[in-house]
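Using UniProt numbering, read the sequence shown as starting at 1 and increasing by one per residue. Take a look at the structure below.
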Amino acid sequence: MEYASGGSLQDHLNNRGYLDMDSVLFYAAEMVCGLQFLHSEGTIHRDFKPENILFSNKGHIKIADFGLAAENVFGNKTISGSIGTLHNMAPEMIQCHIYNSAVDWWAFGIVLCKMATGRSPFYEGSKAEKCIHFILNCQPSYSEQLSTELQDLLEKLLKKKPYKRLGFKGDIRRHPFFKSINWIKVERQNVEPPFQPEPQPNPDVSIPASALEVLNIDKASTHSYILQDFTYLSPSWQA
Numbered sequence: 001m002e003y004a005s006g007g008s009l010q011d012h013l014n015n016r017g018y019l020d021m022d023s024v025l026f027y028a029a030e031m032v033c034g035l036q037f038l039h040s041e042g043t044i045h046r047d048f049k050p051e052n053i054l055f056s057n058k059g060h061i062k063i064a065d066f067g068l069a070a071e072n073v074f075g076n077k078t079i080s081g082s083i084g085t086l087h088n089m090a091p092e093m094i095q096c097h098i099y100n101s102a103v104d105w106w107a108f109g110i111v112l113c114k115m116a117t118g119r120s121p122f123y124e125g126s127k128a129e130k131c132i133h134f135i136l137n138c139q140p141s142y143s144e145q146l147s148t149e150l151q152d153l154l155e156k157l158l159k160k161k162p163y164k165r166l167g168f169k170g171d172i173r174r175h176p177f178f179k180s181i182n183w184i185k186v187e188r189q190n191v192e193p194p195f196q197p198e199p200q201p202n203p204d205v206s207i208p209a210s211a212l213e214v215l216n217i218d219k220a221s222t223h224s225y226i227l228q229d230f231t232y233l234s235p236s237w238q239a
């Protein structure tokens, strides 16, 4: 993958708090196109989060860091393995159930909420057990100032039951939140991005950019929750 000079979505959220609604709509549409393409190729990202969404020098997004991705997952095939970033993990992953591409649509819902509000719809603290409790047992929480269409989209993306989750079920492109989107133009990158990021220095190619590094997990840990960057590793995966 070519160098993405515009930084990550997380960089922009750190600087701006949250995005204006035109930007949210544009980037959400590009993310939908990106995830649908990956899933059509049998790839489940499994670590979709703002840190792994990069910007090109023209302002279009690029989904990065496939170190945890699962490949060749087509049709009704399911996989297992509770691995990824805990704050963005779908309930079925946390519970060590088998799952499919619906986990990426859950993560997209988390990212969408962060873009629009600057916050996760669930617990954001550092206690893994509390984070898991909120994801498994609580309904998402977000500002009532969000449009009715966006609230409805978030509710449909953050369904606890994966078979009810929009993106996996139904045509997400037809949701009212995206009513103004010309999907053909978005796919062809013929829509002008909301802003053009300032270029960042090209890193030394001998040192991988942090956004492209495979996540290192300390399997020697005796605790089932790895708290560095809030990455969770199922006990069944530990040596």
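Glycine included, each C-beta is placed from N, C-alpha and C at the ideal position. Computed from a predicted structure; not experimentally measured.
L54 - containing beta strand (DSSP E), residue span: 53-55
Measuring straight from C-alpha to C-alpha, what distance separates F108 and L154? 9 angstroms
Tell me whether Y163 sits in a helix, a strand or coil according to DSSP, three-state version. Y163 falls in the helix class under three-state DSSP.
What residue range does the alpha helix (DSSP H) around T148 cover? Here the alpha helix (DSSP H) through T148 covers 148-157.
Residues near P208 in its chain [Cβ-Cβ closer than 8 angstroms; skip 5 each side]: Annotation note: pLDDT 47 at P208 (below 50); position unreliable, coordinate value reported separately. For P208, same chain residues with a beta-carbon under 8 angstroms away, outside a window of 5 residues either side, do not exist.
Using CA coordinates, which residue listed in L112, V111, M93 is at the minimum distance from V103? M93
Only counting the same chain, and skipping five residues up and downstream in sequence, which positions put a Cβ closer than 6 angstroms to that of K156? Cβ within range, chain order: L166.
Given this structure, state the Cα-to-Cα distance separating S5 from N57, to the nearest angstrom. 5 angstroms
Span of the alpha helix (DSSP H) around T117: 102-117 is the extent of the alpha helix (DSSP H) around T117.
Within the chosen definition, does the segment 118-133 reach the segment 69-76 through at least 3 CB pairs nearer than 8 angstroms? no
Over what stretch of residues does the alpha helix (DSSP H) that includes I98 continue unbroken? Segment: none, I98 is in no alpha helix (DSSP H) and carries neither H nor E.
Using DSSP bridges, identify the partner residues of I79. Y99
Neighbourhood of L9 by C-beta, 6 angstroms cutoff - its chain only, sequence neighbours within 5 removed: Cβ neighbours of L9 beyond the five flanking positions: P50, I53.
Can you say whether L150 is buried or exposed, counting buried as having 16 or more other CB atoms within 10 angstroms of its CB? By the 10 Å Cβ count, L150 comes out buried.
Name the two residues that bound the continuous beta strand (DSSP E) containing K62. 61-63
Flag S126 as yes when its Cβ comes closer than 7 angstroms to any non-hydrogen atom of the ligand HEM, and as no otherwise. Of the ligands one can find in the structure shown there are none, so the ligand HEM has no counterpart to examine.
Three-state secondary structure (DSSP) of S40: In the structure shown, S40 sits in a helix (DSSP, three-state: H, G or I).
Limits of the alpha helix (DSSP H) - the one that K130 falls within: For K130, the enclosing alpha helix (DSSP H) has its first and last residue at 128-137.
Cα separation between V205 and C138? Bear in mind that the predicted position of V205 carries a pLDDT of just 44, short of 50, making it unreliable; the figure below should be weighed with that in mind. Their backbone Cα atoms lie some 44 angstroms apart in a straight line.
If you reduce the DSSP assignment to three classes, tell me which class S143 lands in. coil
Cβ neighbour criterion (16 or more within 10 Å) applied to E124: exposed
Taking 8 angstroms as the cut-off, does the segment 27-47 touch the segment 60-67 (at least 3 CB pairs, one atom from each stretch)? yes
Limits of the unbroken alpha helix (DSSP H) element including R16: 9-16
Rounded distance between the beta-carbons of I110 and I79, thought under 8 angstroms: Contact flag wrong, Cβ pair sits at about 20 angstroms.
Assign S40 to buried or exposed, taking buried as 16 or more other Cβ atoms, counted over all protein chains shown, within 10 Å of its Cβ. exposed
Would you call K77 buried or exposed, if buried means 16 or more other Cβ atoms sit within 10 Å of its Cβ? With fewer than 16 other CB atoms across the displayed protein chains lying within 10 angstroms of its CB, K77 is exposed.
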